[in-house]
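Note sheet for the following structure.
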Amino acid sequence: MPVPSASASLNQTRTSSTGSSSSTTTGTASASPTCTAAASDESIENGDFENGLSPWSVDLVDIMSTHYGTDQPGADGSCNAFHVRMRRNSQSDDLRANLRLVSPMVAAPPSSRWTVSFWVRWATGDQDSYLNLFANYAVAHRVDATSSNWTRVAFPYTTGEDRNLQLVFSFVLGAASANEVWIDKVAMEVLGDVTSTSMGPVLAAATNSAGR
Ligand SMILES: [Ca+2]
């Protein structure tokens, strides 16, 4: 089944204006009639993974134990998500941080306040695996493997002196023999630098049950 716009140029840059028609693909109607590939106000380029992986990148330690790519369906009615499948083998004693999904750089003023959000689900929700989300090389959030349903995660983040912000998802298999994780709709919303408004919930909220 063809993936909408996956065959289009991966180096297609941000479509800041809705007038750009170059991102429209042909034949999308028959590809996945129940999902919507249209990106809505992406703060991180291709954070919805509807256009393959670029400009995201992947660091991979052990190609024998880990498989990754985009997979259907995506979160929240979208078509595609980033997917990792990891299985321990006799050569892979230590699979900590075996795969790292690296975001493109996002310009961020120093000491700016953001809400970072993404969607996640697991193949097996009762195991020891987890995701660490690094923001500028420090762990900013951790998500344990708890649910096979799509779950939205959001948390506040304040930048330091850096003028860029880069997110890195690190998949840790932990004590599990195998597990899979899907990540989708990575987004950042700037909150400015005021403290008068409360950040709101940091908790994840379970939503629909698109999982399998
Ligand atoms: Ca998506």
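Using the working numbering, the first residue of the sequence shown is number 3, and each one after it goes up by one. Ideal placement from N, C-alpha and C gives every residue a C-beta, glycine not left out.
Item, Value
"Heavy atoms of ligand 1 versus C-beta positions, residues under 7 Å", "D50, F51, E52, G76, A77, S80, C81, N82, A83, D186 and K187"
"Beta strand (DSSP E) segments (min. 3 residues) lying fully within the region 38-64", "59-62"
"Straight-line gap, G29 to R165 (C-alpha atoms, nearest Å)", "Confidence in G29 is poor, its pLDDT being 39 and thus under 50, which makes the residue's placement unreliable; the coordinate value appears in the next sentence. For G29 and R165, the distance between alpha carbons rounds to 40 Å."
"T36 burial status per 10 Å Cβ neighbour count (16 or more: buried)", "exposed"
"Those residues which DSSP pairs with A156 across a bridge", "S119"
"Of the listed residues S179, E44, G194 and L193, nearest to S131 (C-alpha basis)", "S179"
"Residues bridged to V188 [DSSP beta-bridge criterion]", "Answer by DSSP bridge pairing: none, since V188 is not bridged."
"Nearest neighbour of R102, chosen from H143, R123 and W58 [CA to CA]", "W58"
"I185 burial status per 10 Å Cβ neighbour count (16 or more: buried)", "buried"
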